[in-house]
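Novice:
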Ligand SMILES: *Cc1c(COP(=O)(O)O)cnc(C)c1O
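Numbering (our numbering), first residue to last: 804 to 1034.
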């Protein structure tokens, strides 16, 4: 695909996804502006990110710190109102870089990481927004705190680490009904007074919005299919 047809499809994809978000929100009696589209931009290069920003996209999510560091500092400097979220797992030795680059971390799932993030936020004078990732489908290969341990982690993050826990995040099971995961995440959030719900990807963001998502993380429906992951 040449550069021009590439940017045309990006435009059409963004229009389509924004339209579907607005429709789903209206259908469930919600304000379309209450749903934030997080463009999941792993493997997408800086030129296409620039296009997406030019088309009005403001919130982006990356999975890997290293890739984020390669692509985003210059773009963020040129576009200070862009908001960058970390969607992928976080290791303690990357916390310093993560806090420096990301405005929100959606993948906090254990106390050790929460403590390290809190320490770096203090050191760098940053107040990174925190989402707790919950393994709603209990799949052993998946990150996230188990549902029964989520409340405890939220309380510890708030009361001992003084972190700004704004939301919960989940990645639903691949086969089966994702609404089970979405509903469980919503119940935990309601129980703990957590406002935001990051749930729904390209295949299920409409259903996620119907289940109360405030943030949907959409990658391939905007940027096209990804090449197989290359380490
Ligand atoms: C890649 C990714 C997404 C987006 O996935 P698509 O199916 O391409 O929309 C959302 N959330 C996380 C955590 C991801 O890694």
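Glycine included, every Cβ here is placed at the ideal spot set by N, Cα and C.
Just reading off the beta strand (DSSP E) that residue 965 is part of, what are its end residues?
Specialist: The residue labelled residue 965 in the question sits at position 162 within the chain shown. Per DSSP, residue 965 belongs to no beta strand (DSSP E) and is neither H nor E.
Novice: Following a CB-centred definition, is residue 1021 positioned closer than 7 Å to any heavy atom of ligand 1?
Specialist: Taking the first residue of the chain shown as 1, we reach residue 1021 at position 218. Answer for residue 1021: yes, Cβ within range of ligand 1.
Novice: Please tell me whether residue 888 and residue 862 are closer than 8 Å, where the distance is taken between their beta carbons.
Specialist: Taking the first residue of the chain shown as 1, we reach residue 888 at position 85. Taking the first residue of the chain shown as 1, we reach residue 862 at position 59. Result yes, Cβ atoms of residue 888 and residue 862 sit closer than 8 Å.
Novice: Tell me whether residue 938 is buried or exposed, calling it buried when 16 or more other Cβ atoms sit within 10 Å of its Cβ.
Specialist: Position 135 of the chain shown holds residue 938. So residue 938 counts as buried.
Novice: Using 7 Å as the cut-off, classify the Cβ of residue 974 as near or not near the heavy atoms of ligand 1, replying yes or no.
Specialist: Translated into the one-based positions of the chain shown, residue 974 becomes position 171. Checking the Cβ of residue 974 against ligand 1 gives yes.
Novice: Can you tell me whether residue 1030 is helix, strand or coil according to DSSP?
Specialist: The count along the chain shown starts at 1 and reaches residue 1030 at position 227. Correct three-state label for residue 1030: coil.
Novice: Give me the residue from 896, 998, 942, 877 with the minimum Cα distance to residue 1015.
Specialist: Position 212 of the chain shown holds residue 1015. It is 998 whose Cα lies nearest to the Cα of residue 1015.
Novice: So if DSSP puts residue 841 in a beta bridge, which residue, or which two residues, is it bridged to?
Specialist: By one-based count along the chain shown, residue 841 stands at place 38. Answer by DSSP bridge pairing, in chain order: 1020.
Novice: Looking at the unbroken alpha helix (DSSP H) that takes in residue 991, where does it start and where does it end?
Specialist: Your numbering for residue 991 matches position 188 in the chain shown. Looking at the DSSP string, the run of the alpha helix (DSSP H) that includes residue 991 is 981-995.
Novice: Does residue 864 come out as helix, strand or coil in the three-state DSSP assignment?
Specialist: Against the chain shown, residue 864 aligns to sequence position 61. It is a strand residue.
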